[in-house]
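Asker: Provided herewith is a single structure, encoded as structure tokens, for subsequent inquiry.
2 protein chains.
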Amino acid sequence: MTAPDPSFVSFPTRLAPITVPIALGDRSYDIRIGAGLLDDPATWQGLPRASLATIVSNVTVAPLYAERLAAALAPHYGRVLRIDLPDGEAHKDWQTLDLIFDRLLAEGADRKTVLFALGGGVVGDVTGFAAASYMRGVPFVQVPTTLLAQVDSSVGGKTAINHPRGKNMIGAFYQPLRVLCDLGVLGTLSDRELSAGLAEVIKYGPIADEAFLGWIEDNLAALLARDPRALAHAVRRSCEIKAWVVGQDERESGLRAILNFGHTFGHAIEAGLGYGEWLHGEGVGCGMVMASDLSVRLGLMPPAFLDRMVRIVERARLPVRGPALGADRYLELMRIDKKSEGGEIRFVLIESLGRAVMRPAPDEAVRATLAAHTG
Amino acid sequence: MTAPDPSFVSFPTRLAPITVPIALGDRSYDIRIGAGLLDDPATWQGLPRASLATIVSNVTVAPLYAERLAAALAPHYGRVLRIDLPDGEAHKDWQTLDLIFDRLLAEGADRKTVLFALGGGVVGDVTGFAAASYMRGVPFVQVPTTLLAQVDSSVGGKTAINHPRGKNMIGAFYQPLRVLCDLGVLGTLSDRELSAGLAEVIKYGPIADEAFLGWIEDNLAALLARDPRALAHAVRRSCEIKAWVVGQDERESGLRAILNFGHTFGHAIEAGLGYGEWLHGEGVGCGMVMASDLSVRLGLMPPAFLDRMVRIVERARLPVRGPALGADRYLELMRIDKKSEGGEIRFVLIESLGRAVMRPAPDEAVRATLAAHTG
């Protein structure tokens with residue numbers, strides 16, 4: 001399961017837009033990565049025209065970028081509507097989804113209406129599911145504005161809302177027409193959001209690309225300082241690996257699940273504390289530490305791997321200890337993970353650097369991991 | 001747009017199960033039609049096994065057939081769960097959908113769980129959308145128990161819930177694994193439900209098969225008397241035509257819209273009166289009269305066609321006059337139809353017997369039609 005083409009060696013020396021294709025037959029599309037994409041007329045070429053475009057954003061991101069996006073879209077659409085959602089994972093629910101449906105119907109949006117998701121993972125997931133479901137499907141474009149969304153959630157067509165009983169439980173596989181990663185917008189991210197995004201960047205190393213893990217370690221200071229070239233490479237390599245995985249397994253029948261390294265523990269933390277307490281990336285950061293511990297505990301990896309993962313997660317300014325929910329509660333929350341089968345939790349574990357596997361683990365081992373890394 | 005193979009001439013002389021294939025590449029499946037399918041072990045062969053099967057039905061149908069279905073499934077699944085929804089179009093909404101999600105999550109249903117939709121169009125549409133969205137998609141089987149569901153709504157993968165602002169506005173194209181039309185269950189239908197189903201049977205004549213229209217006229221008394229052979233043929237020929245249309249245009253980018261003959265007016269009646277006042281098939285019956293009137297008014301068809309459609313709809317014991325909502329309200333409701341584009345209503349009209357077209361119509365013509373057939 002090692003990703004081919006270690007293109008990290010071609011570290012970009014300029015920031016001309018990069019295109020990473022996602023090969024999914026008649027649902028194929030491009031990820032475009034570059035600084036200033038929002039202001040580049042070429043960005044909008046080839047997208048379907050319609051009488052209505054709708055920018056779905058949130059109350060935090062919209063004041064920063066919605067007007068620029070609306071101005072860029074105006075030449076191509078009869079009308080550009082804006083819908084601002086409340087901000088945060090706590091609002092990734094049916095009520096927020098229905099805000100979109102209600103507004104689209106009130107404005108007479110038809111099946112050709114193009115939705116533009118302008119925001120982080122929550123905006124992208126909710127807007128994507130709205131696009132999948134409105135009139136049984138309208139086209140949509142991802143315009144991710146957080147590092148986390150650029151390297152992970154906006155790519156690959158997973159859309160969802162949360163259910164009180166579990167994260168991302170209601171949703172669809174529904175591909176966007178295009179993903180536009182404008183690196184310029186990362187400048188307004190909070191430090192906390194930047195670190196949360198780095199969790200998903202780090203993830204790609206152990207699951208698919210040992211060399212990329214080394215590159216991240218070497219460049220973590222530059223990434224935290226938002227060096228544009230370091231960010232450009234991190235986004236590009238992350239998207240390449242994600243594109244490679246998704247192109248082989250769009251609907252997560254196998255390989256794709258490796259992208260959930262750290263997520264089984266992380267989702268339990270998010271759900272256990274109530275959505276929005278921890279950022280998704282914080283849960284993933286801490287969850288990777290736990291999943292690394294479990295990989296070591298089950299004899300798949302040497303103890304030095306856990307130390308290495310703790311160190312990189314810490315250096316990315318992410319939590320390495322989970323909240324004291326109690327092991328029973330963790331296990332209960334993890335049993336309703338989507339990767340579970342017949343009530344058996346299936347963990348994404350590392351079996352060698354750059355190679356992940358999915359397998360169950362004895363409850364005692366999981367409890368030992370939780371004892372070591374929570375509270 | 002005339003359906004090939006006028007197999008109505010091969011009127012079945014016995015009720016051995018009939019299979020009508022739906023060709024949709026890797027989403028292909030069979031419709032099986034026959035008396036006593038629920039009790040035939042062959043019915044379940046080839047379906048995926050899992051630790052959990054879930055029968056979703058409603059409080060009216062479940063007491064009649066859920067136990068039989070549960071007994072038939074028991075050998076193949078570790079556990080068979082039952083979820084009974086409230087009955088009726090008024091409950092085809094998010095609250096009902098969430099009943100399913102909540103119960104599935106509470107019971108630990110995983111991605112392999114197979115849903116069985118046991119009921120009419122509402123149960124099938126809601127269960128299908130639940131299957132499309134639960135954990136981003138689980139397998140499901142349609143077990144339609146009304147004539148309307150057997151000849152139309154269970155076939156072709158359209159799933160949806162209603163929104164207060166419009167019918168079937170939120171949903172997905174999501175194909176079942178199989179459709180099981182047990183003709184035996186039609187015996188418990190109310191006369192009103194039987195007539196509502198006949199509306200969708202009649203529909204297939206003018207849009208795709210002139211000879212079938214003649215057959216329906218000749219056999220309407222037998223159909224109303226629930227003659228098993230007449231019902232078997234009506235279901236079979238309807239499914240053949242639907243399979244032919246859906247096989248060419250799964251996602252309703254063109255041809256498939258002809259299946260909505262009568263539905264633009266019909267949906268407006270349903271929404272205007274409040275869901276559940278009129279049955280869907282009653283709206284379609286009356287809507288076909290209106291769409292026929294409009295076809296005549298626009299010079300596509302001779303006046304005798306309207307007379308013929310009024311006569312057959314009346315004989316099927318369906319309404320031929322719409323409620324007095326006022327023309328403005330009708331137009332407003334029809335403008336949010338999913339076939340509308342840029343606020344322009346697109347009607348399914350008949351241009352010759354067995355051939356439908358989709359086109360806009362001048363407001364004056366629509367108002368004249370409404371004046372002639374409402375109030």
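Chains as they are written, first to last, in full-length UniProt numbering: chain A, 1 to 375; chain B, 1 to 375. Ideal Cβ placement from N, Cα and C applies to all residues, glycine included.
1) Can you tell me which residues form a DSSP beta bridge with M275 of chain A?
2) Comparing C-alpha positions only, which one of A:D307, A:H373, A:R335, A:G375 sits nearest to S362 of chain A?
3) Kindly say whether A16 of chain B, judged by its beta-carbon, lies nearer than 7 Å to any beta-carbon of chain A.
4) Which bits of chain A does S51 of chain B rub up against, with CB to CB less than 7 Å?
5) Going by DSSP in three states, S51 of chain A sits in which element: helix, strand or coil?
6) Can you find a C-beta in chain B that's less than 7 Å from the C-beta of S153 of chain A?
7) So which residues on chain A does D102 of chain B lean against when the C-beta distance must stay under 9 Å?
8) Using only CA atoms, which one of B:A90, B:G166, B:V123, B:A109 lies nearest to I345 of chain A?
9) If we cut at 7 Å on Cβ distances, does D110 of chain B have a partner in chain A?
10) Find the residues of chain B that neighbour S133 of chain A, judging by a C-beta separation of less than 7 Å, and give them in chain order.
11) Spell out the partners DSSP gives F140 of chain B in its beta bridges.
12) Under 7 Å between C-beta atoms, does K338 of chain B make it to chain A?
13) Output, in sequence order along the chain, the residues in the region 199-226 of chain A whose CB is closer than 7 Å to any CB in chain B.
14) Closer than 7 Å, CB to CB, is residue 386 of chain B near chain A or not?
15) Determine the contact status of residue 386 of chain A and L99 of chain A, defining contact as a CB-CB distance below 7 Å.
16) Where does F129 of chain B fall in DSSP's three states?
17) Chain B beta carbons: is any one of them nearer than 7 Å to that of R136 of chain A?
18) For the beta strand (DSSP E) containing E250 of chain B, list its first residue and its last residue.
19) By alpha-carbon positions, which one of A:L24, A:A368, A:Y65 ends up nearest to S295 of chain A?
20) Buried or exposed for S238 of chain B, going by 16 or more other Cβ atoms inside 10 Å?
21) Please determine, among A:A257, A:L38, A:H373, A:T96, the residue with the shortest C-alpha to C-alpha distance to A324 of chain A.
22) Taking the beta carbon of T188 of chain A as the centre, do at least 16 other beta carbons fall within 10 Å, making it buried, or is it exposed?
23) Bridge partners for E341 of chain A per DSSP, in chain order?
24) Can you find a CB in chain B that lies within less than 7 Å of the CB of L189 of chain A?
25) Relative to the C-alpha of D218 of chain B, which candidate in B:F173, B:R192, B:R315 has its C-alpha closest?
26) Using a cut-off of 8 Å between C-beta atoms, extract the partners of W94 of chain B located in chain A.
27) Can you give the Cα-Cα distance for A225 of chain B and L52 of chain B, rounded to whole angstroms?
28) Determine the chain B residues that contact K242 of chain A at a beta-carbon separation under 8 Å, and present them in chain order.
29) Inspect the CB distances between the region 283-293 of chain B and the region 303-310 of chain B and report whether three or more fall short of 8 Å.
30) Are three or more beta carbon pairs between the region 146-159 of chain A and the region 87-94 of chain A nearer than 8 Å?
31) If you measure between the beta carbons of L104 of chain B and Y77 of chain B, is that distance less than 7 Å?
32) Here's a check: name, in chain order, each residue in its chain whose Cβ is nearer than 7 Å to the Cβ of G166 of chain A, leaving out the five neighbours to either side.
33) Can you look up K242 of chain B in the DSSP assignment and give me helix, strand or coil?
34) Assess contact between the region 247-254 of chain B and the region 275-284 of chain B, defined as three or more Cβ pairs (one per stretch) separated by less than 8 Å. Is contact present?
35) Can you pull the chain B residues whose beta carbon is under 7 Å from the beta carbon of L64 of chain A, in chain order?
36) DSSP three-state call for Y29 of chain B: helix, strand or coil?
Answerer: Walking through what the data contain:
1) With the sequence shown as reference, residue 275 of chain A is identified as Tyr, and Met is not the correct amino acid for it. Partner(s): none; Y275 of chain A has no beta bridge.
2) A small correction: the amino acid at residue 362 of chain A is Pro; Ser does not occupy that position in the sequence shown. The residue with the shortest Cα to Cα distance from P362 of chain A is A:R335.
3) no
4) G342
5) strand
6) no
7) H163, P164, R165
8) B:A109
9) yes
10) I170, G171, A172
11) B:L115
12) yes
13) none
14) Absent from the model: residue 386 of chain B. The displayed extent of chain B is 1 to 375, so no value can be given.
15) Because chain A spans 1 through 375 in this model, residue 386 of chain A falls outside it and cannot be assessed.
16) helix
17) yes
18) Here E250 of chain B belongs to no beta strand (DSSP E), and DSSP marks it neither H nor E.
19) A:A368
20) buried
21) A:H373
22) exposed
23) A:E344
24) no
25) B:R315
26) W94, D98
27) 39 Å
28) None at all; the shortest Cβ gap to chain B is about 17 Å.
29) yes
30) no
31) no
32) A271, I336
33) helix
34) no
35) In chain order: nothing, as chain B lies at least about 30 Å away.
36) strand
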